[in-house]
Amino acid sequence: MGRYSRHLAHTDHNTFRRWVSVSGDDDFQIMRPIRPDSNAASASTRRSLLHRVGTVAAAGALTSLAGCLEGRPIGSETSCNGHTIEPGVDLAGADLSGCDLSGADLTDADLSGADLSETDLFLADFEGADLTEANLEGAAVVASTLFDADVQGATFSGASFAGVDFSGESFPDVDLSGADLSDTDVSNADLSGADLTDADLTNVTFDGTDLSGATLAGTDLTEADLSSATLTGATVGSLDLSDEDLAGADLVETDLTEADLSSADLSGADLTDAILHDADLAAADLSDATLRGTDFEGADLRNVNLSGADLTGATWHDGRHCETEGCF
Numbered sequence: 304m305g306r307y308s309r310h311l312a313h314t315d316h317n318t319f320r321r322w323v324s325v326s327g328d329d330d331f332q333i334m335r336p337i338r339p340d341s342n343a344a345s346a347s348t349r350r351s352l353l354h355r356v357g358t359v360a361a362a363g364a365l366t367s368l369a370g371c372l373e374g375r376p377i378g379s380e381t382s383c384n385g386h387t388i389e390p391g392v393d394l395a396g397a398d399l400s401g402c403d404l405s406g407a408d409l410t411d412a413d414l415s416g417a418d419l420s421e422t423d424l425f426l427a428d429f430e431g432a433d434l435t436e437a438n439l440e441g442a443a444v445v446a447s448t449l450f451d452a453d454v455q456g457a458t459f460s461g462a463s464f465a466g467v468d469f470s471g472e473s474f475p476d477v478d479l480s481g482a483d484l485s486d487t488d489v490s491n492a493d494l495s496g497a498d499l500t501d502a503d504l505t506n507v508t509f510d511g512t513d514l515s516g517a518t519l520a521g522t523d524l525t526e527a528d529l530s531s532a533t534l535t536g537a538t539v540g541s542l543d544l545s546d547e548d549l550a551g552a553d554l555v556e557t558d559l560t561e562a563d564l565s566s567a568d569l570s571g572a573d574l575t576d577a578i579l580h581d582a583d584l585a586a587a588d589l590s591d592a593t594l595r596g597t598d599f600e601g602a603d604l605r606n607v608n609l610s611g612a613d614l615t616g617a618t619w620h621d622g623r624h625c626e627t628e629g630c631f
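Residue numbering for the sequence shown follows my numbering, beginning at 304 and increasing consecutively.
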């Protein structure tokens, strides 16, 4: 499929691996390997599938994709684990783990709190569906289909969303721990309260992203830029943010315990009530930063630039309390 396919492994029409990008649309993505059944898919099914995928610039890529899906029945299951599968169905809290619901029509369905772990949801239609607090760990799902559903608090632990465009999308309180989000665009997205522990955030675009209350401990932020992200109340932990450009960043109440911020640019940043216990701030630029109530206890402040910073109420590295804007 040339440039229209990335990381596609296809063996005897039986395996999809990682994700497929069609016509440059990185939203078309599979979270894990698919296990197709036998029986040839009908022409109408393929047309429906290709309609879901979206406009494809080259006819050759369209034909190749259809060929890849030959032999896979789409939307053939009408029940699983004793539950009926249909539009608008109430499946709140249902156990659908391990089901083959590929291509299922779940529009407006209530799947809140449902167990969808290891479920095959390839090209399932979630338009208007409620997936709040649902468990989709290890599930196979096209990333773009989630954009039409409410996924607040859902679990996608260990999922692969590499290269997906999540810009402007809303995924509050989701569990993305250990997920691969490398090269994704989450600009202006709502990831407030998200658990991103140990996630791969390499080269992620965070322009205007809401990460307030999110957990980023252990994440890989190589080449990522958090300078315009909202990190109010976030837990960053012992991340390597050395030399990072965080000028003007909103870090109010952010937990930066043991973070490496050496030589980081934090000029003009708002660190009100932030926690910087044992953080490395050597040679960091905190000029004109708001540091009211910030806790620096145990932090390395050698050669830090604090010119113009407001330290009123801050706790100094040796435990002393700053009474005025100038501290001492």
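Think of the CB as a built atom: it goes at the ideal place given N, C-alpha and C, for glycine as much as any other residue. Values in this document were obtained by computation on a predicted structure and should not be read as measured data.
Inter-residue Cα distance where the pair is Thr518 and Asp543: Separation of Thr518 and Asp543 (C-alpha to C-alpha, rounded to the nearest whole angstrom) is 15 angstroms.
Could you compute how far the alpha carbon of Leu589 sits from the alpha carbon of Ala567? The alpha-carbon atoms of Leu589 and Ala567 are separated by roughly 9 angstroms.
Output the distance between the C-alpha atoms of Gly471 and Gly461, rounded to the nearest integer angstrom. If I take the Cα positions, the gap works out to 22 angstroms.
Minimum C-alpha distance to Leu614 - residue among Thr575, Ala582, Gly466: Ranking Thr575, Ala582, Gly466 by Cα distance to Leu614 puts Thr575 first.
Tell me the rounded alpha-carbon separation between Leu484 and Gly596. C-alpha separation (whole angstroms): 34 angstroms.
Quick one: Cα of Leu609 to Cα of Leu534, how far? Rounded to the nearest angstrom, the two C-alpha atoms are 21 angstroms apart.
Going by the DSSP bridge assignment, what does Val444 pair with across the sheet? Note: Val444 sits in a beta bridge opposite Leu424.
Tell me the rounded alpha-carbon separation between Ala457 and Thr627. Inter-residue distance for Ala457 and Thr627 is about 45 angstroms (C-alpha atoms, whole angstroms).
Would you mind working out which of Pro390, Gly416, Leu439, Val539 sits nearest Phe425, comparing C-alpha positions? With respect to the C-alpha of Phe425, the residue from Pro390, Gly416, Leu439, Val539 having the closest C-alpha is Leu439.
Measure from the alpha carbon of Ala432 to the alpha carbon of each residue in Asp603, Ala582, Asp453, then state which is nearest. Out of Asp603, Ala582, Asp453, Asp453 has the C-alpha closest to the C-alpha of Ala432.
Asp486 versus Arg623 - alpha carbon distance: Roughly 43 angstroms separates the two Cα atoms.
For the ligand SAM, is there any heavy atom lying closer than 7 angstroms to the beta carbon of Ile388? The ligand SAM is not part of the structure shown, which contains no ligands of any sort.
Which residues in the same chain as Gly536 place their Cβ atom closer than 6 angstroms to its Cβ, once the five residues preceding and following it in sequence are excluded? The beta carbon of Gly536 sits closer than 6 angstroms to those of Ser515, Gly516, Glu556, all from its chain and outside the five residues before and after it, given in chain order.
Among residues of its own chain, excluding the 5 on either side of Asp476, which ones have a beta-carbon nearer than 6 angstroms to its beta-carbon? Answer for Asp476: Gln455, Gly456, Gly496, listed in chain order.
Taking its Cβ as the centre, do 16 or more other Cβ atoms sit within 10 Å of Arg350, making it buried, or is it exposed? In this predicted model, Arg350 has a pLDDT of only 30, less than 50, meaning its place in the structure is not dependable; the value taken from the coordinates is given anyway. By the C-beta density criterion, Arg350 is exposed, having fewer than 16 other C-beta atoms within 10 angstroms.
Within 8 angstroms, strictly: CB atoms of Thr560 and Asp573: Their beta carbons are not under 8 angstroms apart, which means Thr560 does not touch Asp573 by this criterion.
With a threshold of 8 angstroms on Cβ separation, who are the neighbours of Thr381 within its own chain once the five nearest residues in sequence on each side are excluded? Answer for Thr381: Thr387, Ile388, Glu389, listed in chain order.
Could you name the residues of the same chain whose beta carbon sits closer than 7 angstroms to that of Phe469, not counting the 5 residues immediately before and after it, in chain order? Non-local C-beta neighbours of Phe469 in its own chain, meaning closer than 7 angstroms and more than five positions away in sequence, comprise Thr487, Asp488, Val489, Ala492, ordered along the chain.
If you reduce the DSSP assignment to three classes, tell me which class Asp451 lands in. Three-state result, Asp451: helix.
For His620, three-class secondary structure by DSSP: His620: coil per DSSP, three-state reduction.
Cβ-based burial, Gly611 [other Cβ within 10 Å; buried from 16]: By the neighbour-count criterion, in which a residue is buried when 16 or more other Cβ atoms sit within 10 angstroms of its Cβ, Gly611 is exposed.
I need the DSSP call for Asp413, collapsed to helix, strand or coil. In the structure shown, Asp413 falls within a strand segment according to DSSP collapsed to helix, strand and coil.
Output needed for Gly511: all residues of its chain with C-beta closer than 7 angstroms, excluding positions within five of it in sequence on either side, in chain order. In its chain, beyond the 5 residues on either side, Ser490, Asn491, Ser531 have a beta carbon closer than 7 angstroms to the beta carbon of Gly511.
Residues of its chain near Ser473, where Cβ-Cβ distance is below 6 angstroms and the 5 sequence neighbours each way are ignored: Its chain contains Asp493 as the residues whose beta carbon lies nearer than 6 angstroms to that of Ser473, once the 5 sequence neighbours on both sides are disregarded; these appear in chain order.
Tell me, to the nearest whole angstrom, how far the beta carbon of Ala522 is from that of Ala502; I am working on the premise that it is less than 8 angstroms. Correcting the residue identity first, residue 522 is Thr in this sequence and not Ala. Going by Cβ atoms, the distance from Thr522 to Ala502 rounds to 5 angstroms, so yes, they are a contact pair.
Length of the line joining the Cα atoms of Asp621 and Leu549: Taking the CA atoms as reference points, Asp621 sits about 25 angstroms from Leu549.
Assuming contact is defined by CB atoms lying nearer than 8 angstroms, are Asn606 and Ala577 in contact in what I supplied? Going by C-beta atoms, Asn606 is not nearer than 8 angstroms to Ala577.
Asn384 - DSSP class collapsed to helix/strand/coil: Judged by DSSP in its simplified three-state form, Asn384 adopts coil rather than helix or strand.
Per DSSP, what are the beta-bridge partners of Asp478 in this structure? DSSP lists Thr458, Asp498 as partners of Asp478.
To the nearest angstrom, how far is it from the Cα of Gly396 to the Cα of Leu499? Approximately 24 angstroms, taken between the alpha carbons.
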